[in-house]
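To start, the structure under review is shown below, and the notes come after it.
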Amino acid sequence: MEFFNDFGGDPLKPSLFELVAQEQLRDLLQPALKYVLAVFAQRYPRYLIRIVNRHEEFYAMIMLFVERYYLLKYNASFAEKFYGLKRRRRAWIPTERSTAAVGGIPAGEKLRNREIWRSLFFLVAVPYLRAKAQDYYEQLGGGVASDLLEESGDSQRVQGHSDETLTGRWNRAYKRLFPWANTSFEVWLLAYNVAYLFERTPFYRPWLAWIGVDLRRLGAQDFVS
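Here is the structure:
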């Protein structure tokens, strides 16, 4: 990945490809764990079936402890550490000390509790909420043809969400608006990726500016004990 920054002036700035790769690794962890639990639940249903049924909550709880440990110890999430990246607290007014690539890690770059908890919110809580929102959309029959619902026997459940009560109107509005909201969110992220690629912003995700951190490659000083 070093090639992609050969033409830049900052050797510790990660390329967009590295950042996307570490995100893909994080996205693959949950389905992999869910598959393993589902396999073992067939052999030990008494102990694991409840965990499989509440997999999103179980996974979020595990990742809360894992990500917090890595942020405290390595200034990076699990996936970022795997790809040799770290989070750096950005100074509001950049100085020569805060932007130096060598000479040790400045104390001002170490994550504080505020940056850690904000990072955990976007590393754990936001993916959990998005997963629950997607599950709810699918429960309402989103993205599934009506004839398939009739064949699977789920048409009555979907029709139950189509009445004229307040709940029914909410479900219809949610089913109609969720794809647009989800697509808008993905376009928003894509716009930041393009801006980062062309060095229009130092943040490849919009919330990193609010957290007050950016991502950096590990340098030689990070391996000094």
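In the numbering used here, the protein residues as written are 175 to 399. All C-beta atoms in this analysis are idealised placements derived from N, C-alpha and C, irrespective of residue type, glycine included.
Under the rule that 16 or more other beta-carbon atoms within 10 Å means buried, what is residue i, buried or exposed?
i: GLY315; result: buried
i: ARG217; result: exposed
i: ASN249; result: buried
i: ARG343; result: exposed
i: ARG264; result: buried
i: GLU373; result: exposed
i: LYS247; result: exposed
i: LEU351; result: exposed
i: PRO205; result: exposed
i: ALA347; result: exposed
i: ALA394; result: exposed
i: ALA253; result: buried
i: ASN345; result: buried
On the three-state DSSP scale, how would you describe residue i?
i: ARG228; result: coil
i: SER358; result: helix
i: LEU199; result: helix
i: LYS284; result: coil
i: THR341; result: helix
i: SER189; result: coil
i: PRO380; result: coil
i: ASP396; result: helix
i: PHE295; result: helix
i: ASP184; result: coil
i: TYR257; result: coil
In the DSSP assignment, what are the bridge partners of residue i?
i: VAL387; result: ARG263
(message) Across the segment 373-389 and the segment 285-303, are there enough close Cβ pairs to call them in contact, namely three or more that are closer than 8 Å?
(response) yes
(message) Would the segment 236-256 count as touching the segment 369-379 if we require 3 or more Cβ pairs under 8 Å?
(response) no
(request) Report yes or no: do three or more beta-carbon pairs, one from the segment 186-196 and one from the segment 209-225, lie closer than 8 Å? (result) no
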